[in-house]
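Numbering (the numbering used here), first residue to last: 4 to 619.
Where a beta carbon is used, it is the ideal one built from N, C-alpha and C, also for glycine.
Working notes, beginning with the structure itself.
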């Protein structure tokens, strides 16, 4: 069995969710619901619609084990507080500011159910224009067909001028299984769009105490007419066929896989009045008619694989080995205004999984570049050892050599070339481990990452390649403590970089203290509590909406300021609701918290939300 090491951005109730293999999954009763991702169909995640844990965390940036930072509003460009090394190979744009809100075709959820399943969530702040809605729906049809739908819409607005956003993510899929389960296919459509009014941040942080600035809209911002839009669409067709098992072997099987996917993505930034703000645009002001960034990419991906699996019975346990190998070939049609070009990416892929009895699992995957991608490689071995009486130890490593992103290699603004680099391939190596001690409700983890030729965006918002080695060491832990009806959840993380080109806090912690009790003969449950976040003082990262990139800056460094929210969660059968007072300390000291340079977090505010699950 495995444990997910990151909370899914779309579900606030899953912390260290246990994953079960379908071979041991019992037939679902009328109350059981389980889901799996298309990329890992043998890993079932149980759904618990009765839990209230973290239900008040509506923001995807707060749903992670370690929080992400954003521009002060839900759905805005986000960056993880705990550094994460790159793992991409081949051609990619490098426009990752909205990756937290992106659900790819491989991440599409399908449900194993006996009845229709619907999960609805809605929350709203003080303004009608500040709200979020999400919906999940799944239904089986008699023709062995399952329909699943996932929809997320977030509208956000802050008290600062020209700062508004709208995020939409829509995925719909069909899952077909043949009568004898030898053939399965998935047809998935995904559509993501992000529209933002960009203000470039505030011009000064010295006016918060001024009388006129009690209305935050009066605080000056850099941009008043700028806007950006990011969109991505995919349609994916996935097929797998299991050939007849060999009667001479004990459970051996051969399975063929074929995937075909078409997609596109677009990033556009535009400000017609850029000529009036030379102090902000600087080198990006290349035309008196305004500033425009436009990148559009279409791609067509073909992937074919063969998988061989054999199972052997050892007493009451089953051991198995699975080997999968294949090729992936992708065509890219790039429109980086005004340049148009065609790229290709070719990789050999392999995966091996070995299970010994019930407690030892080894897995390793590899991608090796071919043809024009020669020299690129990604290796990821993973070992899990679990004992019910003790806990579970997971150790994994990564070795990667990958190309630089398009936006760092070359960029045009208003059809004028701004930079044209010939960066070397980036290299990173790392090892990390996680030890789950079940009886103590404790999880301890750590990592060590080494990166050579690391590419970053400097204080002038230009891409640079570091000619040296960057090392980052990370340690952390999670613990749940219960005493009577009182509960205390703690998460603490430490990290250290040997180079100042990566700006991360050296420590971060968050804590949740809450009282919980069942009511009305367990028909209802109530939680009352408070959340607190503490982050080390460090040089914040900045964000440049023109190129959609976070970059380092060495001026803004804010002291340690706790952020405290108080909340009440209520469950009545399958209905859940919360009320939350956010940034409560702001009521008393009027302090302003900033996570990304020049982008203040909202002042105190009240938010409520509801969720409802239907099974019929």
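Asked	Found
Alpha carbon of residue 607 to alpha carbon of residue 234, nearest angstrom	32 Å
N- and C-terminal bounds of the beta strand (DSSP E) containing residue 591	Looking at the DSSP string, residue 591 is not in any beta strand (DSSP E); the run it does join, the alpha helix (DSSP H), is 589-592.
Those residues which DSSP pairs with residue 521 across a bridge	528
Simplified DSSP assignment, three categories, for residue 152	strand
Buried versus exposed call for residue 598 [16 or more other C-beta atoms within 10 Å across all chains shown]	buried
Residue 498 vs residue 477 beta-carbon contact at 8 Å	yes
Three-state secondary structure (DSSP) of residue 636	Past the boundaries of the shown model lies residue 636; the chain is included only from 4 to 619, so the question cannot be answered.
Cα-Cα separation, residue 351 to residue 331	6 Å
From 600, 568, 150 and 520, residue whose alpha carbon lies closest to that of residue 555	600
Proximity to residue 412 [Cα-Cα], best of 402, 261 and 95	95
Outcome for residue 578 when other beta-carbon atoms lying within 10 angstroms are tallied against a minimum of 16	exposed
Nearest-angstrom Cα separation, counted from residue 46 out to residue 151	17 Å
Own chain, CB closer than 6 Å to residue 2, minus 5 neighbours either side, in chain order	Past the boundaries of the shown model lies residue 2; the chain is included only from 4 to 619, so the question cannot be answered.
Nearest residue (CA-CA) to residue 328, options 219, 367 and 519	367
Among 605, 611, 610 and 591, nearest to residue 219 - alpha-carbon criterion	605
According to DSSP, residues forming a beta bridge with residue 177	150 and 190
Cβ neighbours of residue 179 in the same chain (closer than 6 Å, five flanking residues each side left out)	148 and 188
Cβ-Cβ separation, residue 572 to residue 58 (assumed contact under 8 Å), whole Å	5 Å
Validate contact between the region 197-210 and the region 508-522 using beta carbons, cut 8 Å, 3 pairs	no
Under the three-state DSSP convention, the category residue 374 falls into	helix
Inter-residue spacing [alpha-carbon to alpha-carbon] between residue 101 and residue 255	42 Å
Beta bridge counterpart(s) of residue 534 as assigned by DSSP	515 and 568
Selection from 506, 445, 541 and 342 that minimises the alpha carbon distance to residue 393	445
Residue 427 vs residue 456 beta-carbon contact at 8 Å	yes
Beta-carbon spacing of residue 465, residue 422 below 8 Å	yes
DSSP beta-bridge partners of residue 607	Paired residues: none, contrary to the question.
Inter-residue spacing [alpha-carbon to alpha-carbon] between residue 620 and residue 353	Any property of residue 620 remains undetermined from this structure, which presents the chain solely from 4 to 619.
Beta-carbon proximity list for residue 609, same chain, < 8 Å, skipping 5 on both sides	128, 129, 582, 583, 584 and 585
Beta bridge counterpart(s) of residue 76 as assigned by DSSP	None, per the DSSP bridge assignment.
Where residue 429 falls, given that 16 or more other Cβ within 10 Å makes a residue buried	buried
The region 433-452 contacting the region 481-496, beta-carbon criterion three pairs below 8 Å	yes
Option nearest residue 438 by Cα separation, candidates 402, 396, 401 and 494	396
Segment limits, alpha helix (DSSP H) that includes residue 65	63-66
Environment of residue 549 [buried if 16+ CB atoms lie within 10 Å]	buried
Spatial distance of residue 301 from residue 60 (CA atoms)	35 Å
At least 3 beta-carbon pairs within less than 8 Å: the region 210-217 vs the region 281-291	no
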